[in-house]
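Peer 1:
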Amino acid sequence: MSSISSRFVCRRLRSTRATFRYTAKTVLIGLSWVPVIAYVANHVVWIGVIDGSSMTPTLNPETNGLAKDVTLLWKLNAKNYNSYKRGEVIVLRNPRDPEGTVVKRIIAFEGEEVRTRFPYPESTVIVPPRHFWVEGDNIHSIDSNTYGPIPIGLVTARVQTIVFPLGRWGSVPTAGGRDPRSVVVGLSYSRYPKST
Amino acid sequence: MATRGFRYYASNASKFIRAVAAVHLLHTYVLEFAITGGLSMLPTLHTVGDHVFLDKYNHRLGRDIKVGDVIVISKPTEEHTRICKRVAGLPGDIVYCDAMPKAPTRAAGMPDDLVGLSTGVTNGRTGKYIKVPEGYIWILGDNGMASLDSREYGPVPKALVVGKVLWAVYWGPFDWLPSWPRQIGSNIEATDLSIADFLPTTPSRR
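Which chain is which? The protein sequence lines are A and B, in order. 532 is the number of the first residue of the first sequence in this note's numbering; add one for each residue after it. 848 is the number of the first residue of the second sequence in this note's numbering; add one for each residue after it.
(1) Taking buried to mean at least 16 other C-beta atoms within 10 Å of its own C-beta, is A:D710 buried or exposed?
(2) Short of 7 Å Cβ to Cβ, which residues in the stretch 557–581 of chain A face chain B?
(3) Applying the criterion that 16 or more other CB atoms from any shown protein chain within 10 Å of the CB defines a buried residue, is A:K689 buried or exposed?
(4) Using 8 Å as the threshold, is the stretch 540–552 of chain A in touch with the stretch 565–584 of chain A, meaning 3 or more CB pairs across them?
(5) What residue does the alpha helix (DSSP H) around B:R998 start on, and which one ends it?
(6) Just mark A:T554 as buried or exposed, buried being the case when its beta carbon has 16 or more other beta carbons within 10 Å.
(7) Flag this pair as touching only if the stretch 870–882 of chain B and the stretch 973–988 of chain B have three or more C-beta atom pairs under 8 Å; answer yes or no.
(8) Name the two residues that bound the continuous beta strand (DSSP E) containing B:I920.
(9) Kindly indicate which residue of A:N676, A:V601, A:I670, A:T557 has the alpha-carbon position closest to the one of A:T655.
(10) Taking only three categories from DSSP, how would you classify B:P889?
(11) Contact criterion: CB-CB distance below 8 Å. Does B:C871 meet it with respect to chain A?
(12) Grab me the residues of A:W664's own chain with a C-beta within less than 7 Å of its C-beta, minus the 5 sequence neighbours each way, in chain order.
(13) For a cutoff of 8 Å on Cβ pairs, would you count B:D1044 as touching chain A?
(14) For A:P626, which of A:V620, A:E619, A:V634 has the nearest alpha-carbon?
(15) What's the C-alpha gap between A:K606 and B:P1047?
(16) For the stretch 606–636 of chain A, enumerate the residues whose C-beta is nearer than 8 Å to any C-beta of chain B, in chain order.
(17) Decide if B:E999 is buried, meaning its Cβ has at least 16 other Cβ atoms within 10 Å, or exposed.
(18) Using a beta-carbon distance below 8 Å, is B:T891 in contact with chain A?
(19) Over the uninterrupted beta strand (DSSP E) stretch that includes B:K978, give me the two end residues.
(20) For a contact defined as C-beta to C-beta under 7 Å, what are the partners of A:G684 on chain B?
(21) Could you tell me which chain B residues have their CB closer than 7 Å to the CB of A:P652, listed as they occur along the chain?
(22) How about B:L901: is its C-beta nearer than 8 Å to some C-beta of chain D?
(23) Specify whether the stretch 592–601 of chain A and the stretch 557–569 of chain A touch according to this definition: at least 3 beta carbon pairs, one from each stretch, less than 8 Å apart.
(24) Can you tell me whether A:S672 is buried or exposed, with buried defined as 16 or more other CB within 10 angstroms of its CB?
(25) Let's see if you can read the secondary structure: which residues bound the alpha helix (DSSP H) around A:G561?
(26) Determine the chain A residues that contact B:H927 at a beta-carbon separation under 7 Å, and present them in chain order.
(27) Give a yes or no on whether the minimum CB-CB distance between A:M532 and chain B is below 8 Å.
(28) Does the beta carbon of B:G982 come closer than 8 Å to any beta carbon on chain A?
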């Protein structure tokens, strides 16, 4: 169908209704891919911008608050306790504010006796089953020394790769913050595999 | 007629992937139908055979949780496991951590996962009043005698909350048909008692 003006020939190749249907169909097909992207974002890998200075100088070394590191958040295997190694940097839900997330480093695993720092009320604590003792690399960070060991259920992702700035592109170093050898003072029971 | 080429299989595969992802999204973030088991929520939930509807969307990360809600959380001491308990304290509430009794000894034929739920062990919290910290909740099983809950785990972070139980459908192992769905956890709102109802009646009050 085409409409022709009297003055000059102006042909439309498609009616308004056909264009509307094409746009609607394209938008719906586009929307149908959103759950797939959501699945990848929540269970495989996504981009994360690091906020705050609790992991300085490993992440966000500039303290002016303007330059924020961009990292890859690996969510594959994130809820598997035995897949974590000492020194891995993880993203977890803030125990004191469920809406927020924090980025910290794993220092100790279940069963290990940990020498705590201010402001923890006891001088040593045994990490409960399937919990981590996490600390930020910055001495001023709010971490397990404030809220205690965190359960595996709070862990959301691993931070392994820095994407931006390009000068520090690459893997996040596994050493930083307190040396686990000075933190872990004993072993009550070693890590056990999943019971069933 | 040409054989079914790449386009046919690719388009069907992409439709399948999109459908599966959409269902997964609904199941994980909106509403889930889950099977429950165990003694710790008697008499609210049956030991076996209770299937519950979980409202995940409104209550993920512990949003809009009230005292008296039956919720499902990720088990703090075990991965890939969830537990179903009732909220007994919100952040700022003061709760009493009573002693956990030892579970009844094993009866012949009792399934393994129902045995020895309460250890009878006291910890640093037993017998004390605790103020629930900001961002945490205190959960208790309805069957206090056979329930591992906040008396053992301590206050539980709200971020572990998976969802709130709305309805339960009981389909017993020997029943032909499931029972009618029943609402869970709404009896708290129905009460209109006041503190005066719990005070002893003395001659001067009568």
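For every residue, glycine included, the Cβ atom is placed at its ideal position computed from N, Cα and C. Values in this document were obtained by computation on a predicted structure and should not be read as measured data.
Peer 2: In short:
(1) For the purposes of this step, residue 710 of chain A is identified with residue 179 of the first sequence, where counting begins at 1. Counting the other CB atoms within 10 Å of its CB gives A:D710 a total below 16, which places it among the exposed residues.
(2) Of all residues in the stretch 557–581 of chain A, only S563, W564, P566, V567, A569, Y570 come within less than 7 Å of chain B when Cβ atoms are compared, listed by chain position.
(3) Indexing the first sequence from 1 puts residue 689 of chain A at position 158. Rather than Lys, the amino acid found at residue 689 of chain A in this sequence is Arg. With 16 or more other CB atoms across the displayed protein chains lying within 10 angstroms of its CB, A:R689 is buried.
(4) As far as the Cβ criterion goes, the stretch 540–552 of chain A does not touch the stretch 565–584 of chain A, which means the pair count is below three.
(5) Numbered from its first residue, the second sequence carries residue 998 of chain B at position 151. In the DSSP assignment, B:R998 falls within the unbroken alpha helix (DSSP H) covering 997–1000.
(6) For this step, residue 554 of chain A is matched to residue 23 along the first sequence. With fewer than 16 other Cβ atoms within 10 Å, it is exposed.
(7) Taking 8 Å as the limit for Cβ pairs, the verdict is that the stretch 973–988 of chain B does not touch the stretch 870–882 of chain B.
(8) Sequence index remark: in the second sequence, residue 920 of chain B carries index 73 (1-based). Looking at the DSSP string, the run of the beta strand (DSSP E) that includes B:I920 is 917–921.
(9) As a first step, residue 655 of chain A must be located in the first sequence, where it is residue number 124. Looking at A:N676, A:V601, A:I670, A:T557, the one whose alpha-carbon comes closest to that of A:T655 is A:N676.
(10) For this step, residue 889 of chain B is matched to residue 42 along the second sequence. A small fix is needed here, since residue 889 of chain B is Leu in this sequence, not Pro. Three-state result, B:L889: coil.
(11) Residue 871 of chain B sits at position 24 when you count from the first residue of the second sequence. The sequence as given places His at residue 871 of chain B; Cys does not occur at that position. For B:H871, the answer is yes, since a Cβ of chain A falls inside 8 Å of its Cβ.
(12) In the first sequence, counting from the first residue as 1, residue 664 of chain A sits at position 133. Correct list, in chain order: I638, A639, V645, V658, S675, P680.
(13) Along the second sequence, read from residue 1 onward, the residue named residue 1044 of chain B stands at position 197. With 8 Å as the cut-off, B:D1044 does not count as an interface residue toward chain A.
(14) For the purposes of this step, residue 626 of chain A is identified with residue 95 of the first sequence, where counting begins at 1. The shortest C-alpha separation from A:P626 is found at A:V634.
(15) For the purposes of this step, residue 606 of chain A is identified with residue 75 of the first sequence, where counting begins at 1. For the purposes of this step, residue 1047 of chain B is identified with residue 200 of the second sequence, where counting begins at 1. Taking the straight line from one Cα to the other gives about 58 Å.
(16) Of all residues in the stretch 606–636 of chain A, K610, N611, Y612, R624, N625, P626, R627, D628, P629, E630 have a Cβ within less than 8 Å of some Cβ in chain B.
(17) Translated into positions along the second sequence, residue 999 of chain B becomes position 152. With a threshold of 16 other beta carbon atoms within 10 Å, B:E999 meets it and is buried.
(18) Counted from its first residue, the second sequence places residue 891 of chain B at position 44. It does not; no Cβ of chain A falls within 8 Å.
(19) On the second sequence, position 131 is the one that residue 978 of chain B refers to. Unbroken beta strand (DSSP E) run through B:K978: 976–978.
(20) Position 153 of the first sequence holds residue 684 of chain A. Result: S921, P923, L1007.
(21) Start at 1 with the first residue of the first sequence, and residue 652 of chain A comes out as number 121. What A:P652 touches in chain B, judged by beta-carbon distance under 7 Å, is nothing: the nearest beta carbon there is about 11 Å away.
(22) Absence of chain D from the displayed structure is noted, the protein chains being A and B.
(23) Short answer: they don't touch.
(24) Here the question's residue 672 of chain A lines up with position 141 in the first sequence. Of the residues assessed, A:S672 falls on the buried side of the cut-off, its CB having 16 or more other CB atoms within 10 angstroms.
(25) Here the question's residue 561 of chain A lines up with position 30 in the first sequence. Where A:G561 is concerned, the enclosing alpha helix (DSSP H) stretches over 547–563.
(26) Reading the second sequence from its first residue, position 80 is the one you call residue 927 of chain B. The answer, in chain order, is K610.
(27) Start at 1 with the first residue of the first sequence, and residue 532 of chain A comes out as number 1. Its pLDDT being 49, under 50, A:M532 is placed unreliably in this model, and the coordinates cannot settle the point.
(28) Residue mapping note: residue 982 of chain B aligns to position 135 of the second sequence, counting from 1. Interface residue, yes.
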